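Contents: one structure, followed by commentary.
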């Protein structure tokens, strides 16, 4: 996944739920070759409806904390 240094830094910048979701999301991105929102939502291993998974991904990707400037 990510080197330990990056993991520690991301843990300090994100909430626990955001960090765990980021780890799951990175694994999905690595396993799906052609990425689009629907494919990611379909593959996301959460026990919620497809539309809820899609909206969760959209909300996560639009977090103000997820900018290069803020994370690095």
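Residue numbers (our numbering): 7 to 78.
For glycine and all other residues, C-beta sits at the position ideal for the given N, C-alpha and C.
Nothing here was measured: the structure is a model prediction, and the numbers come from that model.
Excluding the 5 residues preceding and the 5 following residue 64 in the sequence, name in chain order all residues of the same chain whose CB lies nearer than 8 Å to its CB.
-> Counting only Cβ-Cβ distances below 8 Å, and skipping sequence neighbours, we find 43.
Go ahead and label residue 22 buried or exposed: buried means 16 or more other beta carbons lie within 10 angstroms of its beta carbon, across all protein chains shown.
-> Label assigned to residue 22: exposed.
Tell me whether residue 68 sits in a helix, a strand or coil according to DSSP, three-state version.
-> The answer is coil: DSSP assigns residue 68 none of H, G, I, E or B.
Below 8 Å on the Cβ atoms is my guess for residue 30 versus residue 51; work out the distance and round it to an integer in Å.
-> So it is a contact: roughly 7 Å between Cβ atoms.
Straight-line Cα distance separating residue 40 from residue 62 = A straight-line Cα-Cα distance of about 20 Å links residue 62 and residue 40.
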